[in-house]
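Residue numbers 1 to 322, in UniProt numbering, belong to the letters of the sequence shown in order.
Ideal Cβ placement from N, Cα and C applies to all residues, glycine included.
Just so we're clear, the structure is a prediction, and the values are computed from it rather than from any experiment.
Comments concern the structure below.
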Amino acid sequence: MRAIVADGTGAPDVLSLAELPDPEPAAGEVLVKVAATAVNRADTLQRQGLYPPPPGASDVIGLECSGTVVALGEGVQDWQVGDEVCALLAGGGYAELVAVPSGQLMPVPEGVSLTEAAGLPEVAATVWSNVFMLAGLKAGERFLVHGGAGGIGTFAIQLASALGAEVFTTAGSPEKLAVCADLGATRGINYREESFVEVLKDAGGADVILDNMGASYLSGNVKALATAGRLVVIGMQGGVKGELNLGMLLNKRGAVHATSLRGRPLEEKAAICAGVVEHVWPLVAAGRVRPVIHTSMPLAQASAGHRLMEESGHVGKILLTV
Numbered sequence: 001m002r003a004i005v006a007d008g009t010g011a012p013d014v015l016s017l018a019e020l021p022d023p024e025p026a027a028g029e030v031l032v033k034v035a036a037t038a039v040n041r042a043d044t045l046q047r048q049g050l051y052p053p054p055p056g057a058s059d060v061i062g063l064e065c066s067g068t069v070v071a072l073g074e075g076v077q078d079w080q081v082g083d084e085v086c087a088l089l090a091g092g093g094y095a096e097l098v099a100v101p102s103g104q105l106m107p108v109p110e111g112v113s114l115t116e117a118a119g120l121p122e123v124a125a126t127v128w129s130n131v132f133m134l135a136g137l138k139a140g141e142r143f144l145v146h147g148g149a150g151g152i153g154t155f156a157i158q159l160a161s162a163l164g165a166e167v168f169t170t171a172g173s174p175e176k177l178a179v180c181a182d183l184g185a186t187r188g189i190n191y192r193e194e195s196f197v198e199v200l201k202d203a204g205g206a207d208v209i210l211d212n213m214g215a216s217y218l219s220g221n222v223k224a225l226a227t228a229g230r231l232v233v234i235g236m237q238g239g240v241k242g243e244l245n246l247g248m249l250l251n252k253r254g255a256v257h258a259t260s261l262r263g264r265p266l267e268e269k270a271a272i273c274a275g276v277v278e279h280v281w282p283l284v285a286a287g288r289v290r291p292v293i294h295t296s297m298p299l300a301q302a303s304a305g306h307r308l309m310e311e312s313g314h315v316g317k318i319l320l321t322v
């Protein structure tokens, strides 16, 4: 099969197209012929040597894909050869073929093309597991997501809005904030000109915050929480070490969670994917939530996709077609 490989670690130019042995599905796995995959921030970190794959995962970059089932491993009964699927991966997506644990496969939602579906698994699983399963966002609560114009942000805005939350978001330009408003954000905050802390304090505080920045936003996020608010940190773009005011957190009876998706046990990932199919896919099929695609390019241009991701000028997902 053709796949993207990295010649060491470093800039996007270390990525190139190469021939690798075809994977074989192990017991409980399904072999998928990939139609498309997507570029995630974690992919750029892996390329730089900062986010290695978990034990047993493919060294090939790629945390999600869409495609067609072409072979079944021993014991798989829920899928058939020819099924069109999308999948949450621990690695291996930047390739023509990938072996996937059967519990991490999901049907392509109604109304979404096979190519577009490649941009759904990672964002849907991340938002559903963190904002709803972990933080328990409810209708009528205030929700803040940082980076609202990114892949996770555009999906989080739509899903939280569809389920009845009041959505606040940060972005770095009026153009990006306009997109966020179109997706359902109640209040956009240009972080270059406004303090999200002051905006949320004036509104009564955020019940749930989804944060991809980490250390640099930690203090502000705690200040922005409402009483009994929940902060979920899923990224460290702003560093790994910050100062936490435990007194303020205690007075607010708040909670800080730091989570990742990639290294979780197979059973947890399967439960998350099942929850996505049950609760999120009907909203996608109804048109209330949709994949936001910035652009798509051939797999061979993965290095260009990484450069685009790192320039942070995109809105939504960057797809690589196979």
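Can you check whether the CB of residue j is closer than 8 Å to the CB of residue i?
i           : j      : result
LEU89       : VAL81  : no
VAL39       : GLY313 : no
LEU319      : ALA224 : no
LEU231      : ASP211 : yes
residue 323 : SER66  : No answer is possible for residue 323: it lies beyond the span of the chain, which begins at 1 and ends at 322.
GLY316      : VAL292 : yes
VAL208      : LEU105 : no
ALA3        : THR115 : no
ALA42       : LEU15  : no
ASP22       : LEU97  : yes
GLY56       : GLY28  : no
So the alpha helix (DSSP H) residue i belongs to, where does it begin and stop?
i      : result
HIS306 : 302–311
ILE157 : 151–162
LEU250 : 246–251
GLY220 : 215–224
ASP202 : 196–203
LEU137 : Here LEU137 belongs to no alpha helix (DSSP H), and DSSP marks it neither H nor E.
LEU114 : Premise fails: LEU114 is in no alpha helix (DSSP H) and is neither H nor E.
ALA274 : 266–275
VAL284 : 281–285
Give me whichever residues DSSP pairs with residue i in a beta bridge.
i      : result
VAL14  : None; VAL14 has no bridge partner.
ASN190 : ALA171
MET106 : CYS86
LYS33  : THR68 and LEU97
GLU19  : ARG2
Please report the residue range of the beta strand (DSSP E) in which residue i lies.
i      : result
PHE168 : 166–171
LEU320 : 317–321
VAL131 : No beta strand (DSSP E) contains VAL131, which DSSP labels as neither H nor E.
ARG142 : 142–145
Which of helix, strand or coil does DSSP assign to residue i?
i      : result
ALA90  : coil
VAL123 : helix
MET297 : strand
THR44  : helix
LEU183 : helix
GLY254 : coil
ALA228 : strand
ALA206 : strand
LEU177 : helix
ALA118 : helix
Segment contact flag, the segment 151–158 with the segment 168–188, C-beta cutoff 8 Å, min 3 pairs: yes
Segment contact flag, the segment 255–265 with the segment 278–286, C-beta cutoff 8 Å, min 3 pairs: no
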